[in-house]
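Report on the following structure.
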Ligand SMILES: C=C(O[C@@H]1C=C(C(=O)O)C=C[C@H]1O)C(=O)O
């Protein structure tokens, strides 16, 4: 049972690293929001969404992960990202007020 305990500790440690990487991804998305806000680019870009999800599935397959896992994970991650962007873009900040006045919201 000690062996199982150690293996689970390794899994917990890997999960922590996955969350650290997701935190880094969302921090980068914050920068994307600023660029999009300034340029009047919409949150959801269907071609880019397909590209990100298809790439995730390919990366997962290249690593021998279960079929469909990359796609399923990234459908959730990208949807959560779009909701995150929509929430931030809708915030009542000076930048967003300027955005709304310019009629690009
Ligand atoms: C982050 C972006 O916004 C959305 C979220 C994406 C993602 O989570 O990778 C990809 C496409 C977008 O519509 C982007 O446009 O790059």
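Residue numbers (UniProt numbering): 1 to 105.
We put the CB at the ideal spot given by N, CA and C, even for glycine.
These numbers were taken from a predicted model, which means no experiment stands behind them.
Any non-hydrogen atom of ligand 1 within 7 Å of residue i CB
i	result
residue 32	yes
residue 87	no
residue 81	yes
Span separating the alpha-carbon of residue i from that of residue j
i	j	result
residue 23	residue 51	21 Å
residue 32	residue 63	29 Å
residue 56	residue 66	12 Å
residue 74	residue 40	25 Å
Assigned exposure category for residue i - 16 Cβ within 10 Å defines buried
i	result
residue 81	buried
residue 88	buried
residue 37	buried
residue 86	exposed
residue 2	exposed
residue 68	exposed
residue 47	exposed
Spatial neighbours of residue i in its chain, beta-carbon cut-off 7 Å, leaving aside the 5 residues before and after
i	result
residue 78	49, 52, 53
**Prompt:** Can you list the alpha helix (DSSP H) stretches of 4 or more residues lying completely in the segment 18 to 89, in chain order?
**Reply:** DSSP assignment within the segment 18 to 89 yields the following whole alpha helix (DSSP H) runs of 4 residues or more, N-terminal first: 46 to 62, 69 to 89.
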